[in-house]
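S.K.: Got a structure for you, written out below as structure tokens; questions coming shortly.
In the UniProt record's numbering, the protein residues as written are 1 to 157.
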């Protein structure tokens with residue numbers, strides 16, 4: 001008799017735990033299980049979306065380690081620009097900084113690593129006299145500067 005009551009109490013605790021995890025408002029056990037099943041389905045969809053997004057991002061990233069990757073994030077009063085290339089290419093920094101200057105972007109802070117790979121993390125704000133610019137325009141100008149620099153500075157064998 002005691003064992004049956006303990007099992008029933010334990011089962012009720014497990015249903016209560018299941019209700020809390022799934023945010024279920026159901027009172028009977030069948031509805032709690034249905035809510036849990038729906039919750040699991042939602043989690044599976046989220047995992048699938050996450051995997052799809054990760055696969056999409058992986059396929060959009062350059063496969064050639066020498067192809068620079070440019071990311072630009074809009075900040076309150078400027079931009080955070082990240083440039084990465086798996087191979088350091090002398091002169092690339094000068095080209096990127098010249099592009100910043102050409103578009104009227106003042107660099108407030110920058111961290112650069114040019115050992116084996118090339119990495120630039122810069123925070124810039126537009127000059128007072130410059131028109132409005134967006135992150136996509138900044139990314140395009142930086143990418144074009146790197147691309148045009150790369151075409152004119154192809155190493156000779």
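Backbone N, C-alpha and C define an ideal beta-carbon position, used for all residues, glycine too.
Would you decide whether residue 95 is buried or exposed? Buried here means 16 or more other CB atoms lie within 10 Å of its CB.
M.R.: As a working mapping, residue 95 is identified with position 95 in the chain shown. Classification for residue 95: buried.
S.K.: Measuring only the C-alpha atoms, how far is residue 6 from residue 12?
M.R.: Here residue 6 is taken as the residue at index 6 of the chain shown, counted from 1. Here residue 12 is taken as the residue at index 12 of the chain shown, counted from 1. Between residue 6 and residue 12, the C-alpha separation is close to 10 Å.
S.K.: I think residue 145 touches residue 110, with their Cβ atoms under 8 Å apart; what is that distance to the nearest whole Å?
M.R.: Within the chain shown, the letter at position 145 stands for residue 145. Within the chain shown, the letter at position 110 stands for residue 110. Residue 145 to residue 110, Cβ: 15 Å. No contact.
S.K.: Could you have a look at residue 157 and say whether DSSP puts it in helix, strand or coil?
M.R.: On the chain shown, position 157 is the one that residue 157 refers to. Confidence in residue 157 is poor, its pLDDT being 44 and thus under 50, which makes the residue's placement unreliable; the coordinate value appears in the next sentence. DSSP, reduced to helix, strand and coil, places residue 157 outside both helices and strands of the structure shown, so it counts as coil.
S.K.: Tell me where the beta strand (DSSP E) around residue 110 begins and ends.
M.R.: Looking up residue 110 in the chain shown gives position 110. 105 to 113 is the span of the beta strand (DSSP E), which, as asked, contains residue 110.
S.K.: With DSSP run on the structure shown, which of helix, strand or coil describes residue 9?
M.R.: Here residue 9 is taken as the residue at index 9 of the chain shown, counted from 1. In the structure shown, residue 9 sits in a helix (DSSP, three-state: H, G or I).
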